[in-house]
Every structure is written in C-alpha cells, then in structure tokens.
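A.B. asks: For what it's worth, the UniProt record's numbering labels the leading residue of the sequence shown as 1, then goes sequentially.
To start, I am sharing the structure in question, which I have written as structure tokens.
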Amino acid sequence: MMKLKKILKFGIVIFALAGLATASLAFTTELISRISIGSNFSTIGSYYLRGFSLVNGSFTSNMPPDLSPYPWTTLTPSTVYYIKVPTPSDITCDNLGLALYYQSGYRSFNTMGTSVTGVATGGDCEFTYIVKNGLINYNLMFLTFYDYSGSSTDFTMVGDDDPAVGTFDYFSGSFIQHGTPAFTLSSRDTCYDGIQNQDETGVDDGGVCTLPAARDILLDTMTGNSFFQLVSPHYGFTPTASGTLDNIDLAFTTRDVSVDFVATLEDSFFVPIDCVSDTISGLSGNDLNTHSIITHITGFRGEDCALSAGQNYIINFGALNAFGGIWGDAGGSVGGGYGIYYGKFETPTCTTDCFSNVLFLPGIKGSVLKKSADTLWPPTVFSFNDIEQLTLTDEGESEYNIYTDGILNKFHTTSIYQPFTDFMDNLVSQGLISEWLPLAYDWRFSPEKILQDGIKTQSEVLNVIDEIETLATNSKSGKVTIVAHSMGGFFGKAIIKELESRGESDLIDSFIMIGTPQLGTPQAIAAMLHGDDEGIAAGLIVDASEMRAIAQNIPGAYNLLPSSRYFDKVSDPVIKFDPTKPFTEAWRNLWGETISVYNNYFSFLIGADGRNRPAENMLQIPEVLRGDLMLSAKNFHDEYDEYSLPADIRVVQVAGWGLPTTKAVNYTTKHTLQNFGYETIPTREGDGTVVYPSAISSVADETYFFNVFEFNKQLNSSAQHRDLLNTNALQDLVKSAIKNEDISNTNFIFSTKPQVTDLADQLMVRTNSPVVLGVYDQSRNFTGVDPNQDLSADVWVVKENIPGSTFSYTSESQSIFLPKEGIYDFIYKGTGTGPTTVEIGNFTADTVLPLVSYTDIPTTPDTIASFTVESDVPENTAIELDADGDGATDETINPDNYEPSLNELLVLIKERISALNIKDNLKKNLLKKIAGLEKKIENKKQKNLKTLSGLEKKISNQEIKGKINSLDASEIISFLNTLEAQAEDVALDPTVITDLKNKIQTLDIADGLKNNLLKQVEKLEKKEVLIKTLANLSKNIMKKAEKGKVADADAQALVELLNQIEGVI
C-alpha cells in the first residue's frame, strides 16, 4: 500500500469546545490491530479520512495545535453527494464496497450492488452520501475499500505493525491512490437512482427525497451480513438562540425491497441513553447532552433537550450495535440500508439576507508588493530602482524576498480600488454579508504557481483554498462569491478548477468577472514588445524600458497576450506592417502585410525572423519574447479558454465598451529619417485596455456590456478599465449578483452589445516624439502628463480630470481622446532631443480619420509648445513653439501642406529678415522689396475686386442671353465669389482656381469671353505658383539661418522671386 501523508481538508478529526483554555480529548493515530468481519472481503487500500458531522447552529471549535490549519467544510443542505473513486483494473464497481473506520468500530458508506455503485468515465466507482443542513464531523477516521469478489471467509484489517499495509499517515486534498486523484465530492439535486427512500415512519416515499428540510441528518449505509458497531459519535455545536433540540430519531431506508425491513429491525439491539447534563474529564464546566437512540422505527422518540443560546454543547449518541444478517436476507444477497439521525432547532441559523461572503481578486499590478519596508509596487515617484527589484530569474523565481501587502487602493491622490473597497465595507457594515476578503497576490506569477506555493505576506504564507474554506465557513450561505477584476478572472478560474478537483466547487456561489481579458488582449502585445501602458494601474507612467525588461520573465504578463482562441473569435489582425517602409520588408516577406493567424503571431513574438533582442532603450524595436513562457501561456489558455465552469455556479461576465482600446500594433514611422517605429490602432469596442470579445468569451449564465463612454459623458466621469469597479453602475451589478437578484438593463448596462455608429465623435491628438502631452478644457480641468513635475524621475504622474477624456501612451507616442465639443488648450514639453510629430484626427465610429499633422518639429528638453484646438475646426490649429523655454514664441508651426497667403508670408519673412547674416545692401534691398509689395498689394485689392465683379457681371449677361445655362453660370459665380472672398489677402485657393479653369474651358460661349476668363485665371494660377515657391525658398533660408549657413546667393534668389511676384500682381 502506498504511503499517504496529509489530512483531507473537509471535516474535523477531533475537537475541543470553544472557550476552553485546557480542553482536550484523546487524540491518537494508532489503529486497532485486528478486527474480524464475517464476510467475503479483501482489502484494496486504506486511507485516513477527516470525519464529518451534521449540526444546525453556529459551530465553534478549537482544533488541536497540529490540526488547526484545517477548517471545517460546509456541505450544501438537501443535497445528495457522491464519492467517486478510481479503482484497480481488476476490480469492478459491482464488487467494490466502501467503509469508513474510526478507532474501535467501522461505519460503511455503501454496500455492493449496481443499484448504488456504477462505473463512470475513467473507471470511477460512485458511492452515495446524502446530507441535510450543516457540517459533517466524526472523530479520527480512515477509509477502506473492499473487494467482494474474493474467496476468503474472513477479512482481517491490520494496523501499523503489519509491513504489508505500510505506514499510515495523514493526507490532504484529494484521496491519492497509485499517484492519481482518487476522491472527488460533487452534488446533485435529486436522489440517487435505485434507492428506495422511506420517511421517518418507514413508509416508502417513492424514491423522492422528502426528508424534512429543516432537520439535520446523518446518512450512513450499513453493510449486510456483518458486525456493525458505532461507538460514541460526538457532535459539537453552539446554538444561536435558546430552544429545544427535539425529534431525535433513528430512521432507516433500504434499497432491498424484498426485505421486511421493520420486522428485521426489531431484532436489533440498541442501548438507549437519556437526555442528561453532565461533565466529561477535561471538559469541566460545559454541558454534555446525550440523546437516546430509539429502538424501533415507528413511534419512539428521544427526549427533548432544552438548550441555551451561546452555550457550547456535545451530543453523545451512545453505542449502537447490530449483529449478523439483520440488514438483509441472510440466505440471499447482501442487503443494505441507511441510518439517519434527525435533529432540529426551533430557530434556524440564518433566515434573512443569507448571502455569500465575497472574495475579491484584483488585476495585474493591483496588489502592493514590498521588500522589507520598501514598497516596490507601486514605485515611489523619486525611486530609481523599485522596478528593477521586481525582476524574476530565468527560472521564474523572485530575486528578492518580496511579499504582498494588500490590494492597491490608492496611488498618491489617484484612487485605484479605494471606492470599491468602501463599497464592500459598506455591505459588511449593513449586514448584507458577513465579511469580504480582498486577496492581494503576487501578480508576477501564474495562477497555478500562486495556488501551489501560496501567497506570501509579511507574517505568513496564505493557502488560497484554506482562505476560501474559512470564508465559506463564516458565510451566511456557507458559500463564497468571487468578484474578479481584469487578470483576477484568470486566478478565479484556476481557483474554481482546483476546488472542483477537490470536490469543493460547491463552496462557490457566483463568479463575477469584470473586464477580464479571458482570451488576452492586443494591448498586451504593445506592452510586452515595447513597454507600453497595459492600463491596469492608474495615475502613473513608469519607465517603459524597465517595465519591458522585467516583463520578459513574468509569466503573469504572458497570460495577457492574445491566445489561439482569440484569433478564432476576432478576425481583425493584431499586427500590421506598413508596406511603404523598408524596415518592414523582411517581416512582410515572412508573414504578409498583416498577422491574423496565431502561428504567425507566435513566430513574430518569439523572433522567428532571426532578429536580436534590442538594446533596453531601443523601445521602437520589438522585443524577442521567451518561447518557453509563450508556450506556458498557450498551455494555460488551452486549459482555461475552453474550461466549462461548474453548472451550479452563477457566472456573470461584464465587458467595458465604448472607449479607445488598442486592437492592433502597426509598424510604421512618423518621422522623415526614422528607421524603426510603430503605432497602436484603436477601436472603440473595449474598456480602454481589453477588447470586448475577450471579456465575454466564457459560456456564462449572464453576459453584460457596460457603455463606459455614455457613462462618462452623462456623469462627467473618466472611468475606464482600471476603475470599472469604482462606478456605481457596476457596484449595483455586483450587489445584485451577491443578493442572487436578476440584473436588469440600465442606462449603461446592457445584455446586448451597443453599436459603434451610435457613439458621438471624439477628438484625437497624438504626439510622436520625446515630449509629454497635456490639455486643459475651458474649466481648467487637466488630462495628460503634468509638465510641471520632475520629468527626470522614473515615475510620471498622469491625470484624467477632463470629463469623458482618455489618456494613453506608448513608448513612441502619447494620445488624448476628448469629447468633440468646446475649445482645448494643449501643451507639450520636451523630454529629449529629436523630432516631434503632432497629429490631430477625428475618431468617428470605429476609425481615426486624420485631419492635420505637423511633422518633424525640432525638440530639445527646453522646448515648450502650446496650441489651441477648436473642436469644430481642428484643422485650423497652429502650434506656438518656444524653442528655448524662455516664455517667448520663437516660431509658429502650421500644418503640413499649409498654403499661406502672400500677406502672411511677407509678414513672416519681414520678421526674420533682419536677423539674417547677409550683406547690408542685400538686407536693405529685401526689406524694400517687401515694403513695395505690401503697398502694391493694398492698391491691387480694389482692382482685384473690380475684376472679379466684372467677370461675374459678364457671365450673368451671357446667361440672360441664353449662351450659358443656369447651372453652369451658378457654378462659375460660386467660384468667383470664393476667389473674391480670398482677394482681401490675395490668398487664392489653387484648387478653386483649377476647378474654375476646367469649367470655363467646357463652356459654349464666345471665344473672346472664354479667352478673357482663362487669361485672368491663368494669371491667378501663376501667382499661386510663385507664392508657393516663395514659401519654400524662405523656409529653406530660415533653416540655413538657424545653422548660420545663409549665403548672399540665397538672399539674391529671394529678391528675384519677389520681383516675379510683383510682376503678376
């Protein structure tokens, strides 16, 4: 026989009553040396088993020191339980019995027979055990299996002194036989097929479980043709209210309908014991109540015993002996029956608000991590090595002794889980639930490792399953509701699966997942490859290079990456390669212009193209991820993406929706001379971090969508993934689930997904550069990175105070999304030297439509830029650049492809020309030419107006004469009106000029008039070409001036161009 080492964690082995400082009962591991049983048994295996007891009331127990870590287990009332045991291949379930032993007698769980046992999947045999209300407990017991097919006439069970049996020891978890799990406990709602049940008067109830719901029952199967002895089972409890323990009955049911059960029972021998109050050695001062066992199935009742609230009691049922054949026909097959003890309190333990306690599992980076007194996560603002101390070794172990210190409620002034914590504390103070446990854990590790190794705190290592069992024991319902945020949903699934393997999944009432990336999410790709924000911890930006470096060895981070099933559910590619950029050519040759297949994605992430790991500060180049951890993440998702949660657990999953959320990484460049680069592509079908298909991938009882965009818009909020549970909308949902209520659709919570076409447009401003970006609304609310903080620190504080705003960042860029209404004042500050590109776009439906961009603005750490964006005309924005940070505007940056009017251009040239290092006569000549042009322009304004007015009049006359149709005339007049409006500044739109010219050429009018019109338009066209040339030339000269390289020839070229312009005005 194999050696078993631990104690099974449901039930109690031996107990002392609460409140006794020196209470003790004899505790022994010694087994009876020999028991002879008159039946054809041979042993298969024996195990120690912690016992069970049924009590109604609030049980209080002090365990012996060596057993104190193992709590009681609450079994579901009115439930049939089944014990499944894998058996050796040469033993069939028809010949297998199950017996429970303790000290000087044995109690059989079951007898042979196909009506009770049966072969399940994998060869399991199933034994039946029925439970009513409460806990199950005996003294020290062990479990033995019997083979009825043997030929021996006697079965001898031997103890520790027999080497054939081996050493008995304690064990925990599942029964283990031959190295495989051999014990599971599950529940069903109806009685086991084939058992004929009788009520307490012995009447057959037709196979329906009709035992009184308010009573405690203990059901055991007695073995036929055998000696049976039950010696002094003790039951400990503390009633919550004074009352009477009454109706102490012994009833039996039998599956053998051929037996006259009542007549046979009369031959039994019982020793009745009266209800008395006494003391036991070692238990002085406590009430001992022993109750009589009735001697017949009908009419006999035990004496009622009065009990006082708050007192500790033991019930001793005395001795019960039954001899040979009384449980069945001695001449036939072995029969069997169930012994049932009934007990009832007048006042039930819980009558109202019997709701489950709550276990809360935060997301990644949602738990505080410390080393000694130093908080490593979240890092302190002025820390320079907190992040690097979170590094794991290549073997996946922490380099430092790090422990958890609660969930992350706040970081500086930013709330993380604090509002949710206040909400849960309030549920406890209201008495709705007894308690809740915010279970902080080391999010660097995988859920399986956390379950295996436990959670290290400053003072102890917590066993997760023990914590849940304790939480269930103290719960009004005997169960626990798990609320999981983000990655906490992974942990929740792993916990439930582990409980299921132990037969304890019925400890879980409901499982609520909020924003859980069940299939992973594309934002994690950017985080792992480039150090981007994964959106979990609010209010700070940490050093991206450090975060990328430590993430390479963190298994928990790999689980956030999209899984194989993600690609089955989502058709959009997660990676794109710009076909116009040379650096993407090798990747395109391997995988095409997009990656939307899991195998290609896996290959790209592990660097199958042969690329090397980039330098730590080269964040624009994708990292090479570890293949072994990618494979571990794949295995994790393969197990849990398709995991079917137990049917008796209410599963609720909620997806946040409506916020800009990364759906892909696009490899491209934003600067002229950039060799590598990338950007993230947003969708609005997510919560800012997790795309909705991943958050609703489980087969759940209930799926909901939280319209975060509409919530923020109506309530002036900035909620997103990290603080979903801080919203009253989701707190109401959680409360309804805890109270076992239906969850109704609200203004923000829907059971069907909203449509992106119903969302209002947003303004998007993005900087691609070494700068930090921020914005003020007209109420001076701020969103972005505060430029006034110490930007040399490892951690930057982020604010999102503008209602409806979203800030996101990558290692390459920072983006702000805003309601498209009102006026916004932006500011950016340089953090390094290099080019800055600013983009302004319109986020409409699910697409960003570019409006204007400002490419390659020179930037240094001294640079400060500001610009005002009007939501209705964002394309009119100009950036005021303070290059040296002295508070004065050094340059106004207009959008790319901006065409200034001649007046604007002359003003700009005149402002700069005095600073040019050229000959004085050239400088004077330039200034004189500009002054002359300005004067001529002023004189030509009226002439231009008269010319355009005359053209309009001629066209109108031609229309009257019928030579031009009305439609053509209207179009030409519209063109002329446009040009007239621009003539004030002689800034004529080249597109309008071209369209006018094309229209005139198609007209059926007199050649003289047509040529006159074309001549006027061509003159305007020539002037526009010259103005554009002047703009380009002046721009080049100014760039040369910045470098001190302006030559006299440059100034002379400018003079000649001004002469040409003067000739066409």
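C-beta atoms are modelled at their ideal positions from N, C-alpha and C, and glycine is treated no differently.
So, are the CB atoms of residue 526 and residue 668 less than 7 Å apart?
C.D. replies: Position 526 of the sequence shown holds residue 526. Position 668 of the sequence shown holds residue 668. Not closer than 7 Å, so no.
A.B. asks: Based on the DSSP output, what are the partners of residue 355 in its beta bridges?
C.D. replies: Taking the sequence shown and counting its residues from 1, one reaches residue 355 at position 355. Looking at the DSSP output, residue 355 bridges to nothing.
A.B. asks: Less than 7 Å separating the beta-carbons of residue 433 and residue 357?
C.D. replies: Reading the sequence shown from its first residue, position 433 is the one you call residue 433. Reading the sequence shown from its first residue, position 357 is the one you call residue 357. Cβ distance < 7 Å, so residue 433 and residue 357 count as in contact.
A.B. asks: Threshold first: 3 residues or longer. Then list the beta strand (DSSP E) segments lying entirely within the segment 650-676, N to C.
C.D. replies: 650-657 and 661-667
A.B. asks: Keeping to the same chain, check which residues put their C-beta closer than 6 Å to that of residue 870; ignore five residues upstream and five downstream.
C.D. replies: Counted from its first residue, the sequence shown places residue 870 at position 870. Counting only Cβ-Cβ distances below 6 Å, and skipping sequence neighbours, we find 823.
A.B. asks: Using CA atoms only, rank isn't needed, just tell me which of 375, 817 and 830 is closest to residue 786.
C.D. replies: Position 786 of the sequence shown, counting from 1, holds the residue named residue 786. It is 830.
A.B. asks: Anyone know if the C-beta pair for residue 836 and residue 857 falls short of 7 Å?
C.D. replies: By 1-based counting over the sequence shown, the position of residue 836 is 836. By 1-based counting over the sequence shown, the position of residue 857 is 857. In this structure, residue 857 lies closer than 7 Å to residue 836 by Cβ.
A.B. asks: What does the alpha-carbon distance come out to for the pair residue 783 and residue 752?
C.D. replies: The residue you call residue 783 lines up with position 783 of the sequence shown. The residue you call residue 752 lines up with position 752 of the sequence shown. Answer to the nearest angstrom: the Cα atoms are 31 Å apart.
A.B. asks: Once you ignore the five residues that flank residue 1073 on each side, which residues in its own chain have a CB closer than 8 Å to its CB?
C.D. replies: No answer is possible for residue 1073: the residues shown for the chain start at 1 and end at 1065.
A.B. asks: I'd like the list of long-range same chain contacts for residue 883, defined as Cβ closer than 8 Å, with 5 residues on each side in sequence excluded.
C.D. replies: Translated into positions along the sequence shown, residue 883 becomes position 883. Here the set comprises 858, 860, 862, 863, 890 and 891.
A.B. asks: Between which two residues does the beta strand (DSSP E) holding residue 371 run?
C.D. replies: In the sequence shown, the residue the question calls residue 371 occupies position 371. Its beta strand (DSSP E) spans residues 367-371.
A.B. asks: Which same chain residues end up closer than 7 Å to residue 712 when comparing Cβ atoms and leaving out the 5 residues on each side of it in sequence?
C.D. replies: Taking the first residue of the sequence shown as 1, we reach residue 712 at position 712. Answer for residue 712: 718, 719, 803 and 804, listed in chain order.
A.B. asks: At what residues does the alpha helix (DSSP H) containing residue 731 begin and finish?
C.D. replies: As a first step, residue 731 is located in the sequence shown; it is residue number 731 there, counting from the start. First-last of the alpha helix (DSSP H) with residue 731: 728-738.
A.B. asks: Since residue 1071 contacts residue 812 with CB under 8 Å, what's their CB separation in whole angstroms?
C.D. replies: Past the boundaries of the shown model lies residue 1071; the chain is included only from 1 to 1065, so the question cannot be answered.
A.B. asks: Taking just the CA atoms, how far does residue 572 sit from residue 1017?
C.D. replies: Walking along the sequence shown from the start, residue 1017 turns up at place 1017. Walking along the sequence shown from the start, residue 572 turns up at place 572. Spanning the two alpha carbons is a distance of roughly 49 Å.
A.B. asks: Need the endpoints of the alpha helix (DSSP H) that residue 694 sits in, please.
C.D. replies: As a first step, residue 694 is located in the sequence shown; it is residue number 694 there, counting from the start. Residues 692-695.
A.B. asks: Taking 6 Å as the limit between beta carbons, can you name the residues of its chain near residue 533, skipping five residues before and five after?
C.D. replies: In the sequence shown, the residue the question calls residue 533 occupies position 533. Same-chain partners within the cutoff: 809.
A.B. asks: Any idea what DSSP makes of residue 377, helix, strand or coil?
C.D. replies: Reading the sequence shown from its first residue, position 377 is the one you call residue 377. Of the three classes helix, strand and coil, the one that applies to residue 377 here is strand, per DSSP.
A.B. asks: Based on DSSP bridge pairs, tell me the residues matched to residue 398.
C.D. replies: Counting from 1 along the sequence shown, the entry for residue 398 is found at position 398. In DSSP, residue 398 forms a bridge with 392.
A.B. asks: What residues match up with residue 589 in a beta bridge as DSSP calls it?
C.D. replies: Taking the sequence shown and counting its residues from 1, one reaches residue 589 at position 589. DSSP lists no partner for residue 589.
A.B. asks: Roughly how many whole angstroms lie between the Cα atoms of residue 583 and residue 893?
C.D. replies: Against the sequence shown, residue 583 aligns to sequence position 583. Against the sequence shown, residue 893 aligns to sequence position 893. Their backbone Cα atoms lie some 29 Å apart in a straight line.
A.B. asks: Can you give the Cα-Cα distance for residue 729 and residue 698, rounded to whole angstroms?
C.D. replies: Position 729 of the sequence shown, counting from 1, holds the residue named residue 729. Position 698 of the sequence shown, counting from 1, holds the residue named residue 698. Approximately 22 Å between the Cα atoms of the pair.
A.B. asks: Can you give the Cα-Cα distance for residue 851 and residue 375, rounded to whole angstroms?
C.D. replies: As a first step, residue 851 is located in the sequence shown; it is residue number 851 there, counting from the start. As a first step, residue 375 is located in the sequence shown; it is residue number 375 there, counting from the start. Those two C-alpha atoms are separated by around 45 Å.
A.B. asks: Could you spell out where the beta strand (DSSP E) holding residue 437 opens and where it closes?
C.D. replies: Counted from its first residue, the sequence shown places residue 437 at position 437. 436-438 is the extent of the beta strand (DSSP E) around residue 437.
A.B. asks: Let's test the definition: count the other Cβ atoms within 10 Å of the Cβ of residue 778 and tell me whether it reaches 16, buried, or not, exposed.
C.D. replies: For the purposes of this step, residue 778 is taken as residue 778 along the sequence shown, with counting starting at 1. Label assigned to residue 778: exposed.
A.B. asks: In chain order, what residues of the same chain lie with their CB nearer than 6 Å to the CB of residue 89, ignoring the 5 residues before and after it?
C.D. replies: Your numbering for residue 89 matches position 89 in the sequence shown. Below a pLDDT of 50, predicted positions are generally treated as unreliable, and residue 89, at 47, falls in that range; the measurement from the model is reported next regardless. Excluding sequence neighbours, residue 89 sits near nothing in its chain.
A.B. asks: Over the uninterrupted beta strand (DSSP E) stretch that includes residue 748, give me the two end residues.
C.D. replies: Mapped onto the sequence shown, residue 748 falls at position 748. Where residue 748 is concerned, there is no enclosing beta strand (DSSP E), given that its DSSP letter is neither H nor E.
A.B. asks: Hey, out of 647, 496 and 363, whose CA is closest to residue 639's CA?
C.D. replies: The sequence position of residue 639 within the sequence shown is 639, counting from 1. Closest in alpha carbon position to residue 639, among 647, 496 and 363, is 496.
A.B. asks: Any contact between the segment 413-428 and the segment 454-464? By contact I mean 3 or more CB pairs, one from each, below 8 Å.
C.D. replies: no
A.B. asks: Between 523, 531, 685 and 686, which has its C-alpha nearest residue 614's C-alpha?
C.D. replies: Within the sequence shown, the letter at position 614 stands for residue 614. Closest option to residue 614, Cα to Cα, is 531.
A.B. asks: Hey, out of 399, 660, 659 and 487, whose CA is closest to residue 439's CA?
C.D. replies: Along the sequence shown, one-based indexing puts residue 439 at 439. When each option's Cα is compared against that of residue 439, the closest is 487.
A.B. asks: I need the boundaries of the alpha helix (DSSP H) containing residue 764, first residue and last residue.
C.D. replies: In the sequence shown, the residue the question calls residue 764 occupies position 764. For residue 764, there is no enclosing alpha helix (DSSP H); the residue is found in the beta strand (DSSP E) stretching over 762-768.
A.B. asks: Exposed or buried, which one is residue 692 when buried takes at least 16 other CB atoms within 10 Å?
C.D. replies: One-based indexing of the sequence shown puts residue 692 at position 692. It is buried - the Cβ of residue 692 has at least 16 other Cβ atoms within 10 Å.
A.B. asks: Opposite residue 424 in the DSSP bridges: which residues?
C.D. replies: Here the question's residue 424 lines up with position 424 in the sequence shown. Assignment of beta-bridge partners to residue 424 by DSSP yields no partner.
A.B. asks: Using DSSP with H/G/I as helix, E/B as strand and the rest coil, what is residue 842?
C.D. replies: Locating residue 842 in the sequence shown gives position 842, counting from the first residue. The answer is strand: DSSP assigns residue 842 an E or B state.
A.B. asks: With DSSP run on the structure shown, which of helix, strand or coil describes residue 772?
C.D. replies: By 1-based counting over the sequence shown, the position of residue 772 is 772. Correct three-state label for residue 772: strand.
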